[in-house]
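I have placed the structure first, in the form of structure tokens, so that the comments after it can refer back to it.
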Amino acid sequence: KAGVTQTPRYLIKTRGQQVTLSCSPISGHRSVSWYQQTPGQGLQFLFEYFSETQRNKGNFPGRFSGRQFSNSRSEMNVSTLELGDSALYLCASSLIDSSGPTDTQYFGPGTRLTVL
Amino acid sequence: GEDVEQSLFLSVREGDSSVINCTYTDSSSTYLYWYKQEPGAGLQLLTYIFSNMDMKQDQRLTVLLNKKDKHLSLRIADTQTGDSAIYFCAEGSTGGGNKLTFGTGTQLKVEL
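Sequence order for the protein chains is B and G. In short: position in the first sequence from 1, add 6, done, that's our numbering. In short: position in the second sequence from 1, add 50, done, that's our numbering.
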């Protein structure tokens, strides 16, 4: 099976712009989670989508949003970019049903976003 | 609240065993995970342990869980230079949904 894929791998934007990142989960996986990784804050949970619904949300401002499509692919969007949004954005997918506990998450290679 | 702590660095000689430690605070965690991250790459799942287990062995990897002290460790036997990476422990949320809380990561350096 193909792993989690993320596009693009690298992105350079300027302050004030917006950006959309894409994630394709492992085939058959229904849950997609997003994480931000920075040297200062480490790995932080952004949000999780399951069956096209946001099921869990981390402590990030409303500029960070996401969505999930019927084929489980997910996108996250960051509006009005700030310098501090420069980070590696990681997507993870897991095979989970709506009533199950936490399930093993498999990560993609990430999108490296640089905000100038 | 949830908090996961790890020591920042570990240096070992090739062929020795490495032990990476982690402490967590959420006693309701269902699963505890170990991930490996090499430079410029995403996170690779190494192994996980269910919270009602004390130990899990997977080839060169041994995970020990002390629930009373909320302490998790990862032992890598016969450490190789290819094991040089950052290792993250993570706890899984049980409050519904799928969320991992990660430790700060331990950078393992394997010297010849």
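The beta-carbon is built from N, C-alpha and C at its ideal position, and this holds for glycine as well. Model, not experiment: these values are computed from the prediction.
Assign residue i to buried or exposed, taking buried as 16 or more other Cβ atoms, counted over all protein chains shown, within 10 Å of its Cβ.
i, result
"valine 121/B", "buried"
"proline 31/B", "buried"
"valine 160/G", "buried"
"asparagine 116/G", "exposed"
"glycine 46/B", "exposed"
"alanine 8/B", "exposed"
"isoleucine 18/B", "exposed"
"glutamate 54/B", "buried"
"glutamate 141/G", "buried"
Report the three-state DSSP secondary structure of residue i (helix, strand or coil).
i, result
"glycine 132/G", "helix"
"serine 39/B", "strand"
"leucine 89/B", "helix"
"isoleucine 126/G", "strand"
"glutamine 111/B", "coil"
"glutamate 64/G", "coil"
"leucine 95/G", "strand"
"serine 101/G", "coil"
Name the one or two DSSP bridge partners that residue i has.
i, result
"glycine 72/B", "Met82/B"
"valine 54/G", "Tyr74/G"
"valine 10/B", "Bridge partners of valine 10/B: none, in fact."
"aspartate 108/G", "Leu111/G"
"isoleucine 18/B", "Thr120/B"
"threonine 154/G", "Answer is none; threonine 154/G lacks a bridge partner."
"asparagine 116/G", "His121/G"
List the residues of chain G whose Cβ lies closer than 7 Å to the Cβ of residue i, in chain order.
i, result
"tyrosine 112/B", "Leu95"
"serine 100/B", "Asn148"
"glycine 116/B", "Gly92"
"leucine 27/B", "Chain G residues near leucine 27/B: none, gap ~13 Å exceeds 7 Å."
Please compile the residues from chain G whose C-beta is within a distance smaller than 8 Å of the C-beta of residue i.
i, result
"phenylalanine 51/B", "Lys149, Leu150, Thr151"
Along chain B, in chain order, which residues have C-beta atoms closer than 7 Å to that of residue i?
i, result
"threonine 154/G", "Gly48"
"tyrosine 137/G", "The contacting residues do not exist; tyrosine 137/G stays about 12 Å from chain B at best."
Whole-angstrom Cβ separation of residue i and residue j, contact assumed at under 8 Å?
i, j, result
"leucine 111/G", "isoleucine 126/G", "6 Å"
"threonine 75/G", "aspartate 53/G", "5 Å"
Which chain A residues are close to residue i, counting only those with a beta carbon under 7 Å from its beta carbon?
i, result
"leucine 87/B", "The question asks about chain A, but that chain is absent: this structure's protein chains are B and G."
For residue i, return the contacting residues in chain B, with the cut-off set at a CB-CB distance below 9 Å.
i, result
"tyrosine 98/G", "Thr110"
Determine the chain G residues that contact residue i at a beta-carbon separation under 9 Å, and present them in chain order.
i, result
"leucine 122/B", "None at all; the shortest Cβ gap to chain G is about 20 Å."
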